[in-house]
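Read through the structure below, which is laid out as structure tokens, and then see the notes.
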Amino acid sequence: MKRLWLLLTLVMAWTAGAQVPNPSFEQGTGNAPDGWKLSAPPGEWASGGRTGTRCVAVTGSGGDSNFWRSDGVKFEPSRLYRFTFHARCAPATSGSLISGPSFANRDLPMSEAWERKSFVFVAPTGVPPDAYLRLGHWQMKGTAMFDDVELRPVQAVHARVAGVELGEGETLRDSLYRFRTQLGGDGGNSSHPLDAHTAGFNSNRWTFGPGAYVIYKHQVGSHTQRNGKVTVGISHYVSGRCMIEMSFDRLTWTSVGEAAGLGEKTVELPAKMFPAAVVYVRLRAESAEKDKSKSVSFQVSSYAYEAQLAGRTTDGRGRTDFVEVQQSDKLLGAACETLGDPLPGGDHNSTWRLRNDSDEQVKVLATLEVWRGGERVSKSSKGVKLFPGHSEAVELGYDMRDAGEYELRFTERDLTRQRDVFAARVALSVPSLFASDYGWRLSEEKAKVGLWWCESARKISRHRPVPKGDAQSVIRLSLARNERESFQLAINPLKTVPHVTASVTDLRGPRGAKIPSGNIAIHRVAYVRVDTPTDATGVAEEWPDPLPPLAPGEEFTADVGRNTALWFTVFAPGDVPAGDYQGTIELKEKPRTKFDRAAWKATVPLRVHVWNFTLPKETRLKTALGVSLGMVKAYHNLTTDEELAAVWDKYMQNFAAHRISPYWPMGKAKIGIQFDKTASPPRVKLDFAEFDTAATRYLDEFGFNTFRLPLSGLGWGGQGKPWHDGEFGGFKQGTPEYEALWGDYARQLTEHLEQKGWLRKAYLYWYDEPERSDYANVRKNNEQIKRLAPKLARMLTEEPGPELTGAVDIWCPVTPNHRPDICRERQRAGEQIWWYICCWPHAPYCTEFIDHPAVELRTWLWQTWGYGVEGILIWETNWWNQPTRFKSPARQNPWEDPMSYSESGTWGNGDGRFIYPPNRDNDRKQKFLDGPVNSLRWEILRDGVEDYEYFALLRELLKSKPDAAAEALLKVPASVFTDMTHFNTDPTPLLQHREKLARAIERLGGK
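If you're matching positions, the sequence shown starts at 197 in my numbering and goes up one per residue.
Structure below.
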């Protein structure tokens, strides 16, 4: 209670919106608005604001940074604030916005339309006297505008689990307490365990200079801690060391370890320090030199604490929401004690403590409203008599119907004087994982075993309820010939059902035709536990992703009160007649005895419509995704080349089934190179035997439409490191001997590939993500390729720009850097445009991450069509381990840890990981000779590629059969997406448009 009233006292002292001078930039004289100044040109006090007439703007050249700053903001030590503003970029490529106080910067993505940006931060224990508020850019090319700035105090409200307060990043499970910072989330540097700090903060990491520290306090209700373990992750390191210290009272500190250099360091706290009721952990910057005044500079991107607790605990996950005070009164006030569980199906009861510091009795009315998208969802009110000098708790219920963005609005009205005395709001985001407004119930409403189904582009939460409404009797889907289409069937019983099996019959169709049951694959939907969300879209929870195959007759258990989901994929062969097919799915529990008639079973009719057209083996959309042969060998525990070749072939079959072309499908097959330096001029001899055999199988038989052609002898280096000219056959790049020998090599490659019909599939990807300082060397090497091998396509993972124009054949920017007008100009010049996603971007863009909505990857392919992009690239599909982080013999188990790690930090959950090894337990001895295990995202990506083919087929037909109605269907409707950052997470409009495309293709005679 003391802590609550301390927070209340802090927020009561502030009046709403008074902290930022001239927040809409309307007042001012000369070239600057009142209360703001530009750090350095170029920038302007501009017209065209979001509201009013004015705003501020900054302009970047791509390698600089500047900002508008306000020195008239006074920050209170250890105070929580929410900073909100609106921004737009017109246009901008690369870089990011920078925003917030000078001691807690937040880099944010850009958007061409005005977009609200908001985040929470906590001021340091000692606020620097020169602290200021800023809005600007970092290495942006273009102009960014800012308007409507707000800075408000907020109160953090944490979840309560059996009397224990748990914030975001805290969990209790099997008497084990865990905390891991969520520094990239809405709360930024704040957290429930944070006790004090002087370190700076930048976006998702603590920044340490000389003497800086961060203190965390770990107290788990009344539970006693039996031990403790601390993990510190350093993502940027220049000098110094991070001292790890512990205390029980914040007075006496004991050094328990230190971290220096990149990567994570785990320290077991001394056993003699336990048991303990409370543990303080201090991270403190110190020079590694004897002279402690020497420079110290490093950044901590993650901190984790773990403790085994005495006795039994109730399992639960923490959550933190922020109450933003908008109006307050000196004598009458309120504070939020708990918001209950705001997730759909949770405890939707909030508790607010009302306070009367006046000397007379007052009657007040407390009201709580829930708003979503301009619509009020619910409202509850209670009248309360407040005696002088007393407080009263009032409970107000609310309704959260589904996933999405909500706002809770609380008001307290003095009925005696008929005036509002307190107002607050809480922004609540219910992640898409908890959506429950989709799906169709197959079982009766009161059935002991709930049964329901939904489309593939959904992520079924373990805990969401069975859909309401009338029960359906059938599952329906449609697909073209030579296409795969999936759906999900979920079991949610009132009592655990063990020993369940699933099977499906042949699908019988027109004139005796059938789709054999062998063409219908059944997989389990498995879950991975996300502990560190990728960004604010995610949540620490179990997320569906791996799809392990369910063998015929294999048994599984349907747990009580949880969804057990099955993933069905139907494949329509290229020779089946069009029309309607039907079959049956059977689910049944194994009888306990041969006389057991109570065993559960269910049959579900399956209806499949096959459209009267066929998708080609080779798709029009170019795809280029990495896959590591070394990872396959390691996780399958393979020891011979024959084993590796057999397993690799199964991987390639899987890629072909998903219409995805790997960088290098030929496995270990190489193009041999031999040099004859005695010839004049020197000659090179290429051996294509291995390559030809593999390429015939994978490029011709499997239909892969691209491959990354390796090219020896080019320059290397850059990206902040020295550049080195290439060498070939012992001759340095730039010499006549090199020119002759390398030219002969490139000519032979080109002629052979052209003769085999593979040249059109080859692309050169010899340099990745160049920095501007690398442009000259990249251009020099690309011009060499053009001069000596003009038919080889030069691909570069960079957006089009004048510095490289004429030296690139295939531009491949990361999606946020795609500029439609510039890219269309390059396409008119005969060049191609691809694009890629990786660890970047995050929300609000379509991404590849596990903890994002399922439809995102499919929508990305619709954006690909909509923006006229011709190819997609993703750097890796089986990034299962970061060897510098998990040092041998240890290695990551992707079935248990979904995070993709870089050398010194994290990339996001599932980045570069679309398939799983069949080795679920990280076994180091058993040989695994099966192919990969699909992920839900891998299947969704395939669906998107097939959707692209629908558009492409219709466009081809329209060339010979013009049709205005069909022509209109080539434009992606706004109900699917309006731009790169605004798209529908409900796949229904996408699927409806897909059906319209299919009907138009049929009508125009597509076969």
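No residue lacks a Cβ here, since even glycine has one placed at the ideal position from N, Cα and C.
Pair within 8 Å by beta-carbon distance, residue i and residue j
i       : j       : result
Val662  : Trp648  : yes
Thr765  : Arg672  : no
Val696  : Glu785  : yes
Leu582  : Val558  : yes
Glu761  : Val735  : Residue identity differs from the one stated: residue 761 is Ala in this sequence, not Glu. No; because the gap between Cβ atoms is not below 8 Å, this pair is not in contact.
Val974  : Leu992  : yes
Arg621  : Arg605  : yes
Pro273  : Phe299  : no
Gln1122 : Tyr1097 : no
Ile718  : Ala698  : yes
Leu834  : Lys864  : no
Val496  : Gly429  : yes
Trp1058 : Phe1173 : yes
Pro769  : Arg707  : no
Distance, residue j Cα to residue i Cα
i       : j       : result
Asp964  : Asp970  : 10 Å
His354  : Leu783  : 42 Å
Trp962  : Arg1133 : 28 Å
Met442  : Ala530  : 36 Å
Thr255  : Trp1071 : 32 Å
Asn901  : Leu703  : 32 Å
Thr377  : Glu460  : 14 Å
Cys1042 : Arg613  : 51 Å
Phe767  : Trp844  : 23 Å
Phe924  : Ala942  : 12 Å
Asp1143 : Arg1190 : 7 Å
Glu1135 : Val724  : 17 Å
Arg660  : Ala798  : 21 Å
Tyr476  : Leu372  : 18 Å
Residue i, buried or exposed, once every other Cβ within 10 Å from all chains shown has been counted against 16
i       : result
Pro742  : buried
Phe791  : exposed
Gly585  : exposed
Thr874  : exposed
Glu366  : buried
Ser451  : exposed
Glu482  : buried
His1178 : exposed
Arg284  : buried
Gly646  : buried
Coarse secondary structure for residue i, derived from DSSP in three states
i       : result
Pro287  : strand
His805  : strand
Arg1190 : helix
Gln849  : helix
Tyr961  : coil
Gly1140 : helix
Tyr651  : What sits at residue 651 in the sequence shown is Glu, not Tyr. Strand at Glu651.
Pro229  : strand
Asn977  : helix
Leu528  : strand
Ile1197 : helix
Leu362  : strand
Thr1055 : helix
Met442  : strand
Gln495  : strand
Ser908  : coil
Ala830  : helix
Pro1185 : helix
Glu950  : helix
Asn400  : coil
Residue-level contact to chain B via CB, residue i, 8 Å cutoff
i      : result
Leu647 : Protein chain content of the structure displayed is limited to a single chain, and chain B is not contained in it.
Should the stretch 323 to 330 be regarded as contacting the stretch 259 to 266, the criterion being three or more beta carbon pairs within less than 8 Å?
-> Note that the stretch 323 to 330 touches the stretch 259 to 266; at least 3 beta-carbon pairs, one per stretch, sit closer than 8 Å.
Determine, using beta-carbon pairs with one atom in the stretch 1135 to 1146 and one in the stretch 652 to 661, whether at least three such pairs fall under 8 Å.
-> Yes: at least three Cβ pairs fall under 8 Å.
Would you say the stretch 305 to 315 touches the stretch 269 to 281, given that touching needs at least three Cβ pairs under 8 Å?
-> The stretch 305 to 315 vs the stretch 269 to 281: in contact.
So does the stretch 1189 to 1203 actually touch the stretch 804 to 813, counting three or more Cβ pairs closer than 8 Å?
-> Touching, per the Cβ criterion.
If you pair each beta-carbon of the stretch 371 to 388 with each one of the stretch 501 to 517, do three or more pairs fall below 8 Å?
-> With contact defined as three or more Cβ pairs closer than 8 Å, the stretch 371 to 388 and the stretch 501 to 517 are in contact.
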